[in-house]
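Following: one structure in structure tokens, then a few remarks.
2 protein chains.
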Amino acid sequence: MERTCGNGTLRLSDAGKQVSLIGWVARRRNLGSLVFIDLRDRSGLVQIVFDETIADKVKDVRSEYILEVKGTVQARKDANPKMETGEIEVHAEDVKIINSAMTPPITIADDTDTLEDTRLKYRYLDLRRSVLQKNMILRHKVCMIARNTLDAEGFVEIETPILARSTPEGARDYLVPSRIYNGKFWALPQSPQIYKQLLMIGGMERYFQIARCFRDEDLRADRQPEFTQIDIEMSFVEENDVFAVVEKLMHDIFKGTKGVELEEHFVRIPWAECMKKYGTDKPDLRYGNEIHDISGLFTNTEFQVFRTVLDNKGEVDAIKFEGAAGKYSRKGLDQLQEFIRSGFKAKALAYLKMEKGELSGSIAKVLSEAEKAAVIAEMDMHDDDLVLVVADKPSVARASLGALRVRLARELGLIPEGNIYKFLWVTDFPMFEYSEEDERWVAAHHPFTAPKAEDVDKLFTDPEHVSSRAYDLVLNGYELLSGSIRIHDQDLQEKVFEAIGLTMDQAREKFGFFLDAFKYGTPPHGGVGIGLERLVMVLAGTENIRDVVAFPTTNSSLDLMSDAPNVVDKRQLDILGIEISKK
Amino acid sequence: MERTCGNGTLRLSDAGKQVSLIGWVARRRNLGSLVFIDLRDRSGLVQIVFDETIADKVKDVRSEYILEVKGTVQARKDANPKMETGEIEVHAEDVKIINSAMTPPITIADDTDTLEDTRLKYRYLDLRRSVLQKNMILRHKVCMIARNTLDAEGFVEIETPILARSTPEGARDYLVPSRIYNGKFWALPQSPQIYKQLLMIGGMERYFQIARCFRDEDLRADRQPEFTQIDIEMSFVEENDVFAVVEKLMHDIFKGTKGVELEEHFVRIPWAECMKKYGTDKPDLRYGNEIHDISGLFTNTEFQVFRTVLDNKGEVDAIKFEGAAGKYSRKGLDQLQEFIRSGFKAKALAYLKMEKGELSGSIAKVLSEAEKAAVIAEMDMHDDDLVLVVADKPSVARASLGALRVRLARELGLIPEGNIYKFLWVTDFPMFEYSEEDERWVAAHHPFTAPKAEDVDKLFTDPEHVSSRAYDLVLNGYELLSGSIRIHDQDLQEKVFEAIGLTMDQAREKFGFFLDAFKYGTPPHGGVGIGLERLVMVLAGTENIRDVVAFPTTNSSLDLMSDAPNVVDKRQLDILGIEISKK
């Protein structure tokens, strides 16, 4: 089949050229004896004109037929500014019908109004929409750039197994029954974590993999049962070395896909400071509106509510929205209060408004003049500013104001338009978190994360305040990756297991072969796992993960196209030595 | 950690330089007050000398300890030509022990004599061997080149699901029980075949993926339960277009990894001719020794054995080995006969030797002088030539001589040394093969392969002689890839299903959603799947697939390192709604 160029690439400068095109019929109109067909391929659309000498050949042609057209490019009398090829059309001189098509069950256009479930069932038709094709190409480009950058930096891509060992706690593992060893199972890996650490022990020094990962969880809108991670691990490094590689990677990806030059180094904030300032470990830095701990203004307050909170190790936190005083009525503020009560168990939301030099609002009357003056100074309040205040347990106060910060930024339009990308390293995450369910301290990241050297002696005495060498990279409010410097010392590894309540026997049962590996000369190492779908979503400007996955499942983990998972033949189960439990 | 260069990169021209190195202790020797340590990293080995001023710091250092060394490069008095860095050594001025190591349970050296099972158990140590590291880097390079070449050719890499739909005949599928939909299963794909065809239907036009595939079969030496395929599919193409892309890919890969310029276009042989000439569809063309059908010489033979074979639609085939007459004694030839009797059910092996102008051998006495003269002429026999002859059913005669061709090429050293790469396209494979087990014709490739247009009318009347548009690429006797032009016409697809004995109902049950997709404007398309491991094995010069896989299983499908597959917790099975069958 002859083809001189892509349909969407033709421009006015091509006028007069003879072309051979191939594509799908996107739209067909008759105008007197003329037939106009928009012909679509991966590069875009072009209008073809069939005059009366040839119109008969396309009289039966309908949407989604495939045509091969020879013709001449000519300027259009009435240019269509909405089409990239809108200044020209192709005058058909010959046409061949390559294949016919039934009427498609979905509307194949960027602004389709077909329900998502129908589009998922006919995904192969949905993929003909230009917006999805562009997302697939974007995802491909991101991977190409990532690979070329990492290759240039001395990283080797190594494929690790997908048929792997199940870990005893792996309720989240997808299992694969073994046919050869009936009664035994493989598990699909949640990440290549253990393998990549073994590759460091194996002396590969710089590894990466764009790796498929699997997590059997009840899906959220931005999750899929399988997802892809740009997985990186390096030996003989500390945080700065890892950050430098990731920053280089992001520079190249954002430059290559969006033409955006990112700042040379990304901001870094220790986790504790981040939580205080933004009430979240993934703040959106495209706007300010930091949380202020104004507890110090109320050391001697007579306002009983604040008094009680402060006496019970709570704090008084505040956040300011400039010029927003008039935009939230009493009712609107009540809704905000309800939002943090139901979402974060906050007791109440207080607020102050500055209007014509006067402070009003729910607590204006109960604060002393000195306190009010102090708040105005501390929060740098001017006319029309709104300050929201939560006095509560520190975690509740911060989380509540952090969520209000995000909500009001949207409502007030504080998020700048366009390609603004604010990266942020959040460092020094806590080593442990307390599991109410298990009634013990568990690893916040994973138990192979190194604690900070200066906190090692607190492992048993004060686990709550042990910081780790774990870090996240946050972009515009989304967690793009997490990673850590790992433990490379067997003694320290055993101590950390002990700190999370594992005996050596239990540790061996869970991670035996991996622990063994540590004995034979393990290099200091660390790395990251970057969520590929999340990264492409940010670049594509979509919040729907299915927009960046070729064949996604629904939120309830169904493949509507192939109708999977499905029932299989009993013989298949017999071979595997398993049966379906009776209800 | 400071590091100025890789250990294996230092050369005589670096003498006098101050360097900081990191690596594992490969070997340690004491010589009087001096200590010599070979320090290994991914780039190679270098010898470090610790003189009496510093030797004490490394007195406890043993194999596989990790050291950080600062020192000065100096020329060696006694250069070691076996080491790439053998002309220099590094005089240590400072040393720090980064980590200690227990004595490793395997010998970490290229010429290790440790049993493979032990090496697999300690794969993370085995990977420290330079030969394995080089193979991993080679595999990475092959993938990098493949991706960059395909990207430049307009291909888009698209990830297709690993959690996919099980096909009803899929006894070879790995199954994954669904937790959300108890009693239903996902299957791991044997290849992305259906997805990539759907992507063509979806208008992606040029797709590739370096894709993980899964096949649950009883393993052979060159198979693994999971393997990787460079998977390619293109729309609006015929064979020549696919071949051009694959040839470009091979040019770039062999140039980029071996520095070898391959011939511009690879030889093509139709399957039927290939089977006649070489007795196999994957001949090694690094040597000649083609099979000759010499039946025509015996049209009127009085030699009863040949007479009977020819009367029963058999043929007399012969193959010549120059100068080999003296190399096979009567006993050696008996072994060859036993080899084809047991392996191919051949009735007998006849032979002729030319010695001092005289023809001798097992059938020299029973052939007429005219027949002997004809054989000498046909086979172009000269002194010391050996001709092996098999008279049998064509398939048996060809396969027997094809196998002898391979065996004698090895025994006689006919395979040229060095980087000789002989590619061959085998085309026009049969569309169907008869399944004795199912007592019907089945698809030889897969049922989506297009039959040759001129053979379509034989689909029902003469299925045995329908050629398909399937092709293989063979390299040095190995099948590197197979592929085909696919059916894109729904009517033809239905006919092919009918020809293999499927009713439309059965076809729908097996491939329903895929058949539906064909209705909405399917482009002509075709592609290939290239076995990545096989390609890297050829480039690495190994016949052991485990040499090119980071974490392989044994031939009996066990991961000896992590001890997988393994028994899982009953609670995990309960969640999945399955149980292990009682024996």
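One line per chain: the protein sequences are A and B, in this order.
Everything in the first sequence is counted per the numbering used here, starting at 1 for the first residue and increasing by one.
Everything in the second sequence is counted per the numbering used here, starting at 1001 for the first residue and increasing by one.
Idealized CB from N, CA, C, for every residue including glycine.
Model, not experiment: these values are computed from the prediction.
Straight-line measurement puts the Cα of G1259 (chain B) at about 38 Å from the Cα of N7 (chain A).
The three-state secondary structure of Y1351 (chain B), taken from DSSP, is strand. If you check each beta-carbon in the segment 559–574 of chain A against every beta-carbon of chain B, the ones closer than 9 Å belong to D559, M561, S562, D563, A564, P565, N566, V567, V568, D569, R571, Q572, L573, D574. Under the Cβ criterion (8 Å, minimum of three pairs), the segment 1118–1132 of chain B does not count as touching the segment 1182–1191 of chain B.
Following the DSSP letters along the chain, one finds S1395 (chain B) inside the alpha helix (DSSP H) bounded by residues 1394–1411. By the rule that beta-carbons nearer than 8 Å mark a contact, F1551 (chain B) touches chain A.
For K96 (chain A), no alpha helix (DSSP H) segment is defined; the enclosing uninterrupted segment is the beta strand (DSSP E) at 88–99. By the neighbour-count definition (other C-beta atoms within 10 Å, threshold 16), N1289 (chain B) is a buried residue. One thing to note: E1355 (chain B) has its Cβ within 8 Å of the Cβ of D1384 (chain B). Within the same chain, and ignoring the five residues on either side of E371 (chain A) in sequence, the residues whose Cβ sits closer than 7 Å to its Cβ are L297, F298, T301. Residue pairing by DSSP places G531 (chain A) opposite A:Q229 in a beta bridge.
Counting the other Cβ atoms within 10 Å of the Cβ of N135 (chain A) gives 16 or more, which makes it buried. Here DSSP, grouped into helix, strand and coil, assigns S1295 (chain B) to helix.
Residue contact check for H1140 (chain B) against chain A: a CB pair falls below 8 Å.
Within a 10 Å sphere around the beta-carbon of S1235 (chain B) sit 16 or more other beta-carbons, which makes this residue buried.
A:S295 is the residue among A:S295, A:I319, A:L175 whose C-alpha sits nearest the C-alpha of T308 (chain A). Across the set B:V1536, B:A1397, B:V1176, the C-alpha of B:V1176 shows the shortest separation from the C-alpha of V568 (chain A).
When the five nearest sequence neighbours on each side are left out, the beta carbons in the same chain lying within less than 8 Å of the beta carbon of G1357 (chain B) are those of D1383, in order along the chain.
Taking 8 Å as the upper bound on Cβ-Cβ separation, chain B lies near no residue of the segment 464–475 of chain A.
Burial check for P1081 (chain B): the Cβ neighbour count within 10 Å stays below 16, so the residue is exposed. Contact residues of the segment 516–534 of chain A toward chain B are A517, K519, Y520, G521, T522, P523, P524 (C-beta to C-beta distance below 8 Å).
In this structure, DSSP gives A346 (chain A) a state outside helix and strand, which the three-state scheme calls coil. Along the segment 41–57 of chain A, the positions whose C-beta sits under 7 Å from a C-beta of chain B are D41, R42, read in chain order. In the DSSP assignment, T427 (chain A) falls within the beta strand (DSSP E) that extends over 423–427. Counted as a single uninterrupted DSSP element, the stretch harbouring N555 (chain A) is not any beta strand (DSSP E), since DSSP gives it neither H nor E. A residue is called buried when at least 16 other Cβ atoms come within 10 angstroms of its Cβ; G361 (chain A) meets this threshold and is buried.
E273 (chain A): not part of any beta strand (DSSP E); member of the alpha helix (DSSP H) spanning 271–278, first to last residue. By alpha-carbon distance to S557 (chain A), the top candidate from A:E579, A:L120, A:L125 is A:L120.
Between the segment 1012–1026 of chain B and the segment 1202–1217 of chain B, the count of C-beta pairs closer than 8 Å stays below three; the two stretches do not touch.
DSSP, read as helix, strand or coil, puts L1285 (chain B) in coil. Legend: CB atoms of the segment 175–189 of chain A lying less than 9 Å from CB atoms of chain B belong to residues L175, V176, P177, S178, R179, I180, Y181, N182, G183, K184, F185, W186, A187, L188.
In terms of Cα proximity to I1137 (chain B), the closest of B:L1034, B:V1536, B:N1566, B:Q1572 is B:V1536. A1517 (chain B) has its alpha-carbon roughly 19 Å from the corresponding atom of L115 (chain A). Here A346 (chain A) has I340, V390, D392, V396, S400 as same chain residues with Cβ atoms under 6 Å from its own Cβ, once five neighbours each way along the sequence are excluded. Below 8 Å, enough C-beta pairs join the segment 239–248 of chain A and the segment 515–532 of chain A to call them touching: three or more.
With 16 or more neighbouring CB atoms inside 10 Å of its own CB, P463 (chain A) falls in the buried class.
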